[in-house]
Ligand SMILES: C[S@@+](CC[C@H](N)C(=O)[O-])C[C@H]1O[C@@H](n2cnc3c(N)ncnc32)[C@H](O)[C@@H]1O
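Written as structure tokens, this is what we have:
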């Protein structure tokens, strides 16, 4: 980590991985150990915080669907003001910070304030989910494309500008982030655009946490299961030509 200039400080935007501290990168561990202050999200908390410099100030700026969270402008302001005190600031975000992590807003705030920063990439929950389920994300013959999509727009609803042709493509592995609530509606659209309800799906909840749950199922069954489900954990939905057999519908962990 470069030395923090007393006038501008220095911000490391650190990716925390899915939650299992063994999935932190060495760079992430180094930045946490050197930090003066760490601003962390709800999904970037737990045992990963054991690596933080014991003298550092820890500030939760928790963001979690369905729960009150600090406003983005407030987070931007805190980042800038801690850095302007000449501190080494770590902004800890879950998974890989560049994937559905509102990284851009914070980069703009830092750039506008003239604060130097670095981005430390990490293990996205999408690859951690596939690894936990024992499957690859791509397949040489049947899944030559991989797409990450969000199931929620800024209002928490299913986005209204979905590229249905792309997400109903049966030769692609699709990973839906923040999609538990909207998946029943999404699945209806997928069916209407020709994706068979029997398409294999994986529901991966709290990946990398002690209460991790993985369910091998189909698009149709998962939509039924999530219809009235209470969402209490972060979860991902993967569907497409996944490398497990369509007839295996088991709770695998
Ligand atoms: C704001 S996005 C952040 C994604 C993160 N940047 C990443 O690369 O995994 C939050 C969403 O990511 C997914 N997610 C993050 N951590 C997860 C985990 N440990 N297990 C399952 N899904 C997770 C969920 O869909 C959650 O609603």
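Numbering (the UniProt record's numbering), first residue to last: 1 to 253.
Idealized CB from N, CA, C, for every residue including glycine.
All figures in this text were calculated on a predicted structure; none of them were measured in a lab.
- With a cut-off of 8 angstroms, the C-beta of residue 94 is classified as near ligand 1, since at least one heavy atom of the ligand falls inside that distance.
- A distance below 9 angstroms separates the beta carbons of residue 11 and residue 117.
- DSSP, reduced to helix, strand and coil, places residue 201 within a strand of the structure shown.
- Ligand 1 never approaches residue 215 closely enough for any of its heavy atoms to be under 8 angstroms from the residue's Cβ.
- With a cutoff of 8 angstroms, residue 104 does not count as near ligand 1, since its C-beta is closer than that to no heavy atom of the ligand.
- The beta-carbon separation of residue 132 and residue 204, rounded to 7 angstroms, stays under the 8 angstroms limit for a contact.
- Around the CB of residue 2, fewer than 16 other CB atoms lie within 10 Å, so the residue is classed as exposed.
- The DSSP-derived three-state label of residue 135 is coil.
- The secondary-structure analysis by DSSP pairs residue 179 with nothing; it has no beta-bridge partner.
- Relative to the non-hydrogen atoms of ligand 1, the Cβ of residue 18 comes within a distance shorter than 8 angstroms of at least one.
- Per DSSP, the unbroken beta strand (DSSP E) holding residue 15 starts and ends at 10-15.
- Counting the other Cβ atoms within 10 Å of the Cβ of residue 163 gives fewer than 16, which makes it exposed.
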